[in-house]
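One structure is given here, and the rest of the page talks about it.
Numbering (the numbering used here), first residue to last: 200 to 367.
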């Protein structure tokens, strides 16, 4: 395995050569010959890694998070294949970054369907509602209120008498 390692330093040590300096050998994290083999797996795992990071709930608020947008398109309770997850994720990223109106306009262009005024008006209304809700969520009073409700819920759960050791 030594000569087949991806790390230039470990590969040089295994073959008995003098390892060169990092500044000239580390242009990327992986050697170019290894990068081609990893690229295919990396693009597949990127979506999964992205979704795993989003499940921690650290992406803004629940209504604005990319995770929410992705899973609103395809619920977790329904089985779908990988291609549809990728499609839903791409659609969600477009919606999350540019808004529903831009996403719908681009979708109509790609499908070569004329975009109707009522479609664009409803998409614009949804974008306005989404932005207003996001602004409301970022107000300091709103944040403090959410934090106090969270603390109250966790304290109530900690003092709950639903279960006690040795009791029926």
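All C-beta atoms, glycine included, are put in the ideal place defined by N, C-alpha and C.
Point to revise | CA-to-CA distance, residue 349 to residue 341, given in whole angstroms | key: Position 142 of the chain shown, counted from the first residue, corresponds to residue 341. Position 150 of the chain shown, counted from the first residue, corresponds to residue 349. Their backbone Cα atoms lie some 12 Å apart in a straight line.
Review point. On the premise that residue 319 lies in contact with residue 300, defined as a C-beta separation below 8 Å, what is that separation, rounded to the nearest angstrom?
Key: Indexing the chain shown from 1 puts residue 300 at position 101. Indexing the chain shown from 1 puts residue 319 at position 120. Correct: roughly 6 Å between the Cβ atoms.
Exercise for review: Determine the direct distance from the alpha carbon of residue 265 to that of residue 206, and round the result to whole angstroms.
Suggested key: Along the chain shown, one-based indexing puts residue 206 at 7. Along the chain shown, one-based indexing puts residue 265 at 66. Between residue 206 and residue 265, the C-alpha separation is close to 35 Å.
Exercise for review: Using 10 angstroms around the beta-carbon of residue 269, count the other beta-carbons present and answer buried if the total reaches 16, otherwise exposed.
Suggested key: The residue given as residue 269 occupies position 70 in the chain shown. Classification for residue 269: buried.
Practice item. Have a look at residue 332 and residue 272 and give me their C-alpha separation to the nearest angstrom. Key: For this step, residue 332 is matched to residue 133 along the chain shown. For this step, residue 272 is matched to residue 73 along the chain shown. The alpha-carbon atoms of residue 332 and residue 272 are separated by roughly 20 Å.
Point to revise | Buried or exposed by the 16-neighbour rule on C-beta atoms within 10 Å, applied to residue 337 | key: Stepping through the chain shown from its first residue, residue 337 is reached at position 138. Its Cβ having fewer than 16 others within 10 Å, residue 337 is exposed.
**Study point:** Top-ranked residue by Cα proximity to residue 326, from 213, 302, 277
**Key:** Reading the chain shown from its first residue, position 127 is the one you call residue 326. Taking only the C-alpha atoms, the option nearest residue 326 is 302.
Practice item. Report the rounded CA-to-CA distance for residue 286 versus residue 292, giving the unit in angstroms. Key: Sequence index remark: in the chain shown, residue 286 carries index 87 (1-based). Sequence index remark: in the chain shown, residue 292 carries index 93 (1-based). Using only the alpha carbons, I get a separation of about 10 Å.
**Study point:** Through-space distance from residue 334 to residue 312, alpha-carbon basis
**Key:** In the chain shown, residue 312 corresponds to position 113, counting from 1. In the chain shown, residue 334 corresponds to position 135, counting from 1. Taking the straight line joining both Cα atoms gives about 34 Å.
Practice item. With a floor of 4 residues, list each alpha helix (DSSP H) that falls wholly inside the segment 260-318, ordered by position along the chain. Key: 265-272, 281-297, 299-310
Point to revise | Residue from 310, 309, 304, 308 with nearest C-alpha to residue 321 | key: Residue 321 sits at position 122 when you count from the first residue of the chain shown. Looking at the Cα atoms, 304 is the closest of the given residues.
Review point. Thinking just about the alpha-carbon of each residue, which of 267, 344, 308 is nearest to the one in residue 295?
Key: For the purposes of this step, residue 295 is identified with residue 96 of the chain shown, where counting begins at 1. Cα-wise, what sits closest to residue 295 is 267.
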